[in-house]
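Inspection log for the structure reproduced underneath, given as structure tokens.
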Amino acid sequence: MRAFIPQSLREIWRYREVLLLLIGRDLKVRYRSSALGFFWSLLNPLLQVAVFVLVFKFILKVREDNFAFKVLFCYMAWMFFNQTILDGTVCIAQNTALVRTTYFPRVILPLGTLGSNLVHFGLVGVMFILIFWVHPVHVPLGCAFAVPLFVLLQMTLMLGLLLMLSSLSVFYSDVRFVVNTFIQLWFFLSPILYSAAQALGSEKAAGWMKTAFKLNPLTPIMGAYRTLLLEGWEHLPFEGFWSWLGVAAGLSVALLVVGWVVFRRLEWKFAEQL
Amino acid sequence: MKIIECAQISKRFRIPHVRVYTLKQAFIRHVRRQTTYDELWALREVSFTVEEGESLGGGGPNGAGKSTLLAILARVIRPTTGSARVNGRVCSLLGLGAGFNEELTGRENVYLNAALLGMARAEVHRNYDSIVAFAELGEFMDAPLKAYSSGMRVRLAFSVAVHADPQIYLLDEVLAVGDAHFSRKSAEKMAELRRSGRTTVLASHDLTAVCELCSRALWIERGQVIALGRAPEVVQAYTRAVMEADARGA
Chain A
6 MRAFIPQSLR EIWRYREVLL LLIGRDLKVR YRSSALGFFW SLLNPLLQVA VFVLVFKFIL
66 KVREDNFAFK VLFCYMAWMF FNQTILDGTV CIAQNTALVR TTYFPRVILP LGTLGSNLVH
126 FGLVGVMFIL IFWVHPVHVP LGCAFAVPLF VLLQMTLMLG LLLMLSSLSV FYSDVRFVVN
186 TFIQLWFFLS PILYSAAQAL GSEKAAGWMK TAFKLNPLTP IMGAYRTLLL EGWEHLPFEG
246 FWSWLGVAAG LSVALLVVGW VVFRRLEWKF AEQL
Chain B
299 MKIIECAQIS KRFRIPHVRV YTLKQAFIRH VRRQTTYDEL WALREVSFTV EEGESLGGGG
359 PNGAGKSTLL AILARVIRPT TGSARVNGRV CSLLGLGAGF NEELTGRENV YLNAALLGMA
419 RAEVHRNYDS IVAFAELGEF MDAPLKAYSS GMRVRLAFSV AVHADPQIYL LDEVLAVGDA
479 HFSRKSAEKM AELRRSGRTT VLASHDLTAV CELCSRALWI ERGQVIALGR APEVVQAYTR
539 AVMEADARGA
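Structure follows, in structure tokens:
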């Protein structure tokens with residue numbers, strides 16, 4: 006059995022305690038640096054979504070049931086995505102002293118960023134459940150249990166991006182700026198503030214735009230968060246949802262493989278470059 | 299048992315004529331085929347072995363390749379050609395306290411740093427009191443590291459390192475940590491570890507230290523091995539060469 010697991014993965018397993026301690030470190034630093042700690046990070050999505058509701062529901066008069074809930078959940082998942090990518094892009098450079106002097110599988114660093122942000126997302130998710138409890142909305146249970154699968158897909162996508170961006174940004178300082186800019190565009194191009202069906206129903210958008218929209222792996226993921234939780238399987242986020250979900254899964258896995266290869270090729274030069 | 303085996307290791311650094319910092323520049327230079335660089339061989343075909351329990355001192359002028367050699371042994375960088383085999387747990391004192399974080403408490407930093415040096419959680423647990431006692435920082439362990447003085451940090455880092463119980467210690471220059479009292483204590487501790495059969499590799503241009511602390515010495519210059527043998531003999535040959543060169547220069 007052991008022979009079938011590549012050495013690089015066994016090495017990560019050997020360093021699992023370091024990984025857990027790094028995740029703990031990230032979380033402690035994050036919550037300890039301000040007096041309100043964790044509650045600040047809860048307040049942020051709530052306030053953001055409050056403003057979105059104000060703008061979209063009351064000013065632009067968007068008519069969509071449970072708009073606030075849908076956007077809140079999508080926005081939390083987006084924050085998970087956004088924060089992980091931003092933290093992860095600089096995760097090697099931020100541990101320069103460590104990388105230059107100590108051996109450990111370098112991939113621990115992006116994995117740690119992903120891990121600590123996942124824990125944070127989980128904690129925020131608990132708060133989300135509490136809101137449902139205070140303000141009951143019918144949630145089809147079967148669909149709620151499917152959410153972790155979509156989170157898993159989202160994390161596959163994130164890890165591929167992280168591996169590529171973290172290793173490239175050691176060598177090129179503009180990677181960080183490129184990421185900062187494009188991630189904002191990505192937010193508006195993904196169905197978070199609007200539903201996928203709405204975007205695809207637009208008459209002004211050209212066919213290629215719609216194809217590009219559906220090729221965005223976040224489209225089926227965010228689409229699923231938006232509809233599955235509140236509307237169940239009967240209302241698919243958009244037509245052809247399952248096949249585009251398959252495309253998103255394929256793209257994410259491909260990106261993970263490419264990211265892994267890039268990272269493994271560059272990791273030996275980190276210490277020289279930093 | 300041979301604990302370190304280096305066979306013909308060479309390390310080439312490429313120093314670009316124009317340092318490229320951005321993807322954009324890299325792309326433009328690639329298109330125009332302007333990527334040119336100097337090559338610097340920090341090490342050339344260096345071979346040596348270290349027996350378990352031995353202490354090897356690497357001496358030579360600045361820029362001889364000593365630190366590159368240590369970095370290769372620490373598995374931080376990889377040789378361009380040749381192979382370096384290290385058959386045991388390595389603790390490099392190059393990065394004393396490398397994983398330390400300002401916001402974490404002394405205790406949390408001990409656990410993180412020790413894990414990075416290869417200690418299992420249970421091991422750290424068992425040795426925790428002893429680590430704190432050696433560092434003489436009992437009452438400060440729950441304070442964040444940013445409240446520590448630089449001497450306190452080094453004491454803590456050193457204490458973790460000597461408790462990490464590796465087979466091999468890598469030292470860049472002789473360690474003198476903390477105040478007079480602690481620096482004597484740390485020197486004694488290192489001597490005790492050497493006596494107990496730990497292998498040490500020391501890189502230093504302080505030849506008296508190499509002579510005192512090491513049984514064998516490796517003299518390298520411009521990345522090449524000039525001499526390898528018993529410490530007093532190599533150091534003597536090196537001193538003579540330096541004096542002759544000075545005499546010629548004067």
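If you read the protein sequences in the order shown, they are chains A and B. For the first sequence, position 87 (counting from the first letter as 1) is numbered 92 according to this note's numbering, and the numbering increases by one without interruption. For the second sequence, position 163 (counting from the first letter as 1) is numbered 461 according to this note's numbering, and the numbering increases by one without interruption. The beta carbon of each residue, even a glycine, is placed where N, CA and C say it ideally should be. Note that the coordinates shown come from a computational prediction; the quantities given were computed from them, not determined experimentally.
Please decide whether residue i counts as near chain E, where near means a Cβ-Cβ distance under 8 Å.
i: valine 374 of chain B; result: Absence of chain E from the displayed structure is noted, the protein chains being A and B.
Going by CA-CA distance only, name the one from the options that's closest to residue i.
i: serine 257 of chain A; options: A:Leu271, A:Gly42, A:Ala55 and A:Gly165; result: A:Gly165
i: phenylalanine 74 of chain A; options: A:Met84, A:Thr89 and A:Val58; result: A:Val58
i: valine 540 of chain B; options: B:Gly527, B:Glu519, B:Ser353 and B:Leu526; result: B:Glu519
i: valine 56 of chain A; options: A:Tyr80, A:His143 and A:Trp273; result: A:Tyr80
i: arginine 19 of chain A; options: B:Val458, B:Met488 and B:Ala413; result: B:Ala413
i: glutamate 401 of chain B; options: A:Arg37, A:Ala253 and A:Ser248; result: A:Arg37
i: proline 530 of chain B; options: B:Cys512, B:Ile524 and B:Val523; result: B:Cys512
i: proline 115 of chain A; options: A:Leu261, A:Gln278 and A:Glu277; result: A:Leu261
i: phenylalanine 176 of chain A; options: A:Val67, A:Leu26, A:Trp273 and A:Ile17; result: A:Trp273
i: serine 484 of chain B; options: B:Ser502, B:Pro464, B:Leu454 and B:Asn425; result: B:Leu454
i: arginine 342 of chain B; options: B:Tyr467, B:Gly363, B:Lys322 and B:Gly356; result: B:Gly363
i: glutamate 16 of chain A; options: A:Thr89, A:Ile97, A:Pro110 and A:Met84; result: A:Pro110
i: threonine 106 of chain A; options: B:Ser345, B:Arg424, B:Ala420 and B:Val388; result: B:Val388
i: phenylalanine 85 of chain A; options: A:Phe192, A:Leu220 and A:Arg181; result: A:Phe192
i: phenylalanine 155 of chain A; options: A:Val112, A:Ala201, A:Gly251 and A:Leu198; result: A:Gly251
i: phenylalanine 311 of chain B; options: B:Arg496, B:Glu350, B:Pro377 and B:Arg327; result: B:Pro377
i: proline 50 of chain A; options: A:Leu91, A:Asp70, A:Leu128 and A:Gln99; result: A:Leu128
For a cutoff of 8 Å on Cβ pairs, would you count residue i as touching chain B?
i: glutamate 16 of chain A; result: no
i: arginine 269 of chain A; result: no
i: alanine 98 of chain A; result: no
i: valine 23 of chain A; result: yes
i: tyrosine 80 of chain A; result: no
i: leucine 26 of chain A; result: yes
i: alanine 210 of chain A; result: no
i: valine 276 of chain A; result: The question names valine, but residue 276 of chain A is alanine in the sequence shown. Taking Cβ atoms only, chain B reaches closer than 8 Å to alanine 276 of chain A, which makes this a yes.
For residue i, list the residues DSSP reports as bridge partners.
i: serine 381 of chain B; result: B:Ala305
i: leucine 516 of chain B; result: B:Gly356 and B:Leu526
i: tryptophan 339 of chain B; result: B:Arg310
i: cysteine 389 of chain B; result: B:Tyr467
i: isoleucine 346 of chain B; result: Reading the sequence as shown, one finds phenylalanine at residue 346 of chain B and not isoleucine. Answer by DSSP bridge pairing, in chain order: B:Cys304.
i: threonine 537 of chain B; result: Paired residues: none, contrary to the question.
i: threonine 497 of chain B; result: B:Ile466
Rounding to the nearest angstrom, what Cα-Cα distance links residue i and residue j in this structure?
i: glutamate 437 of chain B; j: alanine 431 of chain B; result: 10 Å
i: tyrosine 230 of chain A; j: threonine 118 of chain A; result: 23 Å
i: lysine 215 of chain A; j: isoleucine 226 of chain A; result: 16 Å
i: methionine 417 of chain B; j: threonine 101 of chain A; result: 21 Å
i: asparagine 122 of chain A; j: serine 174 of chain A; result: 20 Å
i: glutamine 203 of chain A; j: isoleucine 134 of chain A; result: 27 Å
i: leucine 205 of chain A; j: alanine 441 of chain B; result: 56 Å
i: tryptophan 517 of chain B; j: asparagine 360 of chain B; result: 12 Å
i: leucine 194 of chain A; j: tryptophan 238 of chain A; result: 24 Å
i: asparagine 385 of chain B; j: glutamine 306 of chain B; result: 17 Å
i: aspartate 336 of chain B; j: proline 314 of chain B; result: 6 Å
i: valine 95 of chain A; j: valine 67 of chain A; result: 38 Å
i: threonine 498 of chain B; j: glycine 449 of chain B; result: 24 Å
i: leucine 394 of chain B; j: valine 374 of chain B; result: 15 Å
i: asparagine 407 of chain B; j: leucine 48 of chain A; result: 30 Å
i: lysine 62 of chain A; j: phenylalanine 137 of chain A; result: 20 Å
i: valine 104 of chain A; j: phenylalanine 243 of chain A; result: 46 Å
Residue i CB to nearest chain A CB: under 8 Å?
i: alanine 324 of chain B; result: yes
i: alanine 382 of chain B; result: no
Contacting positions in the stretch 447-469 of chain B - beta carbon closer than 7 Å to chain A: Answer set for the stretch 447-469 of chain B: empty.
Where the stretch 340-363 of chain B meets chain A: residues whose CB sits under 8 Å from a CB there: Among the residues of the stretch 340-363 of chain B, none has a Cβ less than 8 Å away from any Cβ of chain A.
Residues from the stretch 179-199 of chain A in contact with chain B, defined by Cβ distance under 8 Å: The stretch 179-199 of chain A vs chain B, Cβ under 8 Å: Asp179, Val180 and Val183.
Residues, ordered as in the chain, of the stretch 29-47 of chain A that lie near chain B by beta-carbon distance below 7 Å: Of all residues in the stretch 29-47 of chain A, Arg30, Lys33, Val34, Arg37 and Ser38 have a Cβ within less than 7 Å of some Cβ in chain B.
Under 7 Å (Cβ pairs) to chain A, residues found in the stretch 389-403 of chain B: Within the stretch 389-403 of chain B, the qualifying residues are Ser390, Leu392, Gly393, Ala396, Gly397, Asn399, Glu401 and Leu402.
Positions along the stretch 59-73 of chain A whose CB lies within less than 7 Å of some CB in chain B: Cβ contacts with chain B come from no residue of the stretch 59-73 of chain A.
Against chain A: residues of the stretch 418-441 of chain B by CB proximity under 8 Å: If the cut-off is 8 Å between Cβ atoms, the stretch 418-441 of chain B has Ala418 and Arg419 near chain A.
Chain-ordered residues of the stretch 406-418 of chain B with a beta carbon less than 8 Å from chain A: Result list: Glu406, Tyr409, Leu410, Ala413, Leu414, Leu415 and Ala418.
Chain-ordered residues of the stretch 101-120 of chain A with a beta carbon less than 8 Å from chain B: For the stretch 101-120 of chain A, residues whose beta-carbon sits nearer than 8 Å to a beta-carbon of chain B comprise Ala102, Leu103, Val104, Arg105, Thr106, Thr107, Tyr108 and Phe109.
Near-chain B residues of the stretch 164-180 of chain A (beta-carbon distance less than 7 Å), N- to C-terminal order: Look at the stretch 164-180 of chain A: the residues with a C-beta under 7 Å from a C-beta of chain B are Tyr177, Ser178, Asp179 and Val180.
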